[in-house]
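Worksheet: the structure to be examined is printed underneath.
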Amino acid sequence: MAAAAFLCARAAAPALLPPSRGLPRRLLLASRATAAALSSSSGEGGGGVEFQGKVGFLGLGIMGAPMASNLIKAGCDVTVWNRTKSKCDPLLSLGAKYEPSPAEVASSCDVTFAMLADPESAAEVACGANGAAEGLAPGKGYVDVSTVDGATSKLIGERITSTGASFLEAPVSGSKKPAEDGLLIFLTAGNESLYKRVAPLLDVMGKSRFYLGDVGNGAAMKLVVNMVMGSMMVSFSEGLLLSEKVGLDPNTLVEVISQGAISAPMFSLKGPSMVKAAYPTAFPLKHQQKDLRLALALAESVSQSIPTVAAANELYKAAKSLGLADHDFSAVIEALKAKAQSSQQ
Ligand SMILES: NC(=O)C1=CN([C@@H]2O[C@H](COP(=O)(O)OP(=O)(O)OC[C@H]3O[C@@H](n4cnc5c(N)ncnc54)[C@H](OP(=O)(O)O)[C@@H]3O)[C@@H](O)[C@H]2O)C=CC1
Ligand SMILES: O=CC(=O)O
-16 MAAAAFLCAR AAAPALLPPS RGLPRRLLLA SRATAAALSS SSGEGGGGVE FQGKVGFLGL
44 GIMGAPMASN LIKAGCDVTV WNRTKSKCDP LLSLGAKYEP SPAEVASSCD VTFAMLADPE
104 SAAEVACGAN GAAEGLAPGK GYVDVSTVDG ATSKLIGERI TSTGASFLEA PVSGSKKPAE
164 DGLLIFLTAG NESLYKRVAP LLDVMGKSRF YLGDVGNGAA MKLVVNMVMG SMMVSFSEGL
224 LLSEKVGLDP NTLVEVISQG AISAPMFSLK GPSMVKAAYP TAFPLKHQQK DLRLALALAE
284 SVSQSIPTVA AANELYKAAK SLGLADHDFS AVIEALKAKA QSSQQ
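Per our numbering: the sequence shown = residues -16 to 328.
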């Protein structure tokens, strides 16, 4: 298939491309500005960021749908597939094409992204029957942006590269809103040429990208970040409940925290709805618990003790058993409430 040039133009999507701020200076971390400079120094840019070829996108859940949508809005030629076909419809309305299997998407596209729920689904979609690997060939690329463990990523990478195609793992930090706003942080590892080739696409979907070397390093970085996040959410939940119990207004606690050294967008964003016991799903609780489970295994592989994470994991498991798996992960506070109630009885 002849590779067509599609302009993912800054002018076409200014809202997706705010300037990067406060990024650490380090080797192989590229901001949007750097990416633009690289693109225009190759003589291809003309003020925009160009990607040569067709883009596939597998997995259109909370994260995949807005990421694919941003690629389409930026002018890319995107072909989508999702297990539940109806989730493709909004993307098709925006101009995406559809193929009935991951293999057919991969064979009709130059680069295919995958955003799946967990290690099992990521491996199935890449390596299973009618999986992406069956449609890959030399010259093509596969970028897995799902959060999985390093072993799964290596397994997927080996299957992909056995076809002659290139593999990049690129899990993202940032939730539903950053995905919608094109402000994700990509934690990439694997084939560096593919990393450079897809950089203009990563810059449409994200605000920064780190290249971390061998496959497994991106997965490990993502798990470490998310284990910190999961523990922070439990600690915050404990604070909200304790403040209320001692007669303070938990809304005031949210405000106090927001002004001090431990302020975090997560607390300000989720605190007010947690106080109202509302948990609109941005990051499903089941995925946070999956990440803690994988982080615990990662820690065990190097004999590192992470007792706070182990305790947090138990609470997320308890929340799942209360039927909260598909709620936002901030619903973990309900497991603490249930614990308090049962200890009163
Ligand atoms: N939500 C968030 O804030 C963030 C999530 N992540 C990570 O990104 C990944 C996706 O998350 P998110 O979009 O929230 O999750 P969702 O649960 O919304 O979407 C999961 C996707 O995986 C697909 N899927 C699940 N099982 C299978 C299977 N067996 N075969 C084929 N497809 C399958 C689903 O298809 P179907 O529609 O048919 O169910 C859906 O497209 C996860 O790894 C998560 O940890 C990373 C950063 C932030
Ligand atoms: O994985 C979740 C996130 O918010 O990042």
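C-beta: ideal position from N, C-alpha, C; glycine also.
On the three-state DSSP scale, how would you describe G189? strand
Classify Q287: buried if its beta carbon has 16 or more other beta carbons within 10 angstroms, exposed otherwise. exposed
With three or more C-beta pairs closer than 8 Å as the rule, is the stretch 217 to 233 touching the stretch 161 to 180? no
In terms of residues, what are the limits of the alpha helix (DSSP H) holding Q327? 315 to 327
Just tell me which of V63, A105, G213 has its CA closest to the CA of A293. G213
Which of helix, strand or coil DSSP assigns to T62: strand
Express the C-alpha separation of S220 and Q328 in angstroms, rounding to a whole number. 22 Å
Please indicate yes or no: does the CB of N209 lie closer than 7 Å to some heavy atom of ligand 3? Summarising the ligand content, the structure contains ligand 1 and ligand 2 and does not contain ligand 3.
Kindly indicate which three-state DSSP category R9 falls into: helix, strand or coil? Only weak support is given to the placement of R9: the predicted model assigns it a pLDDT of 30, under 50, and the value that follows is read from those uncertain coordinates. In the structure shown, R9 sits in coil (DSSP, three-state: anything other than H, G, I, E or B).
If you drop the 5 nearest sequence neighbours on each side, which residues of the same chain put their C-beta closer than 6 Å to that of S251? S241
Going by the C-beta, is S325 closer than 7 Å to any heavy atom of ligand 2? no
Looking at ligand 2, does it come within less than 7 Å of G254, judged from the CB to the closest heavy atom? no
Going by CA-CA distance only, name the one from I139, P102, S145, A105 that's closest to P121. S145
Limits of the unbroken beta strand (DSSP E) element including Q271: From DSSP, Q271 is part of no beta strand (DSSP E) but of the alpha helix (DSSP H) over 268 to 284.
What first and last residue would you give for the beta strand (DSSP E) that runs through V94? 94 to 97
According to DSSP, is Y125 part of a helix, a strand, or is it coil? strand
Taking DSSP as the reference, what is the three-state secondary structure of A172? strand
Residue burial classification, L277 (beta-carbon count within 10 angstroms, cutoff 16): buried
Reference G118; option with closest CA among G39, C59, Y194, T67: G39
Near N296, which residues of its chain fall below 7 Å by C-beta distance, leaving aside the five closest residues on each side in sequence? Q272, L275, R276, L279
Same chain, Cβ closer than 7 Å to A302, neighbours up to 5 away in sequence not counted: L268, A314, V315, E317, A318
Same chain, Cβ closer than 8 Å to L54, five either side skipped, listed in chain order: C(-9), V38, F40, V61, L184, V187, M188
Run of the beta strand (DSSP E) containing Q242, from where it starts to where it stops: Note, Q242: premise wrong, no beta strand (DSSP E); alpha helix (DSSP H) at 233 to 242.
Among D132, L77, E152, the one whose alpha carbon lies nearest that of T95: E152
Using the C-alpha atoms, what's the distance from A89 back to G304? Just to set this straight, residue 304 is Ser in the shown sequence, not Gly. Distance between the alpha carbons of S304 and A89 is about 38 Å.
By how many angstroms is the C-alpha of N200 removed from the C-alpha of M98? 18 Å
So the beta strand (DSSP E) S149 belongs to, where does it begin and stop? 149 to 152
Give the secondary structure of G118 by DSSP, where H, G and I count as helix, E and B as strand, and everything else as coil. helix
Please work out which residues of its chain come closer than 7 Å, Cβ to Cβ, to L307, disregarding the five sequence neighbours upstream and downstream, and give them in chain order. L268, A314, E317
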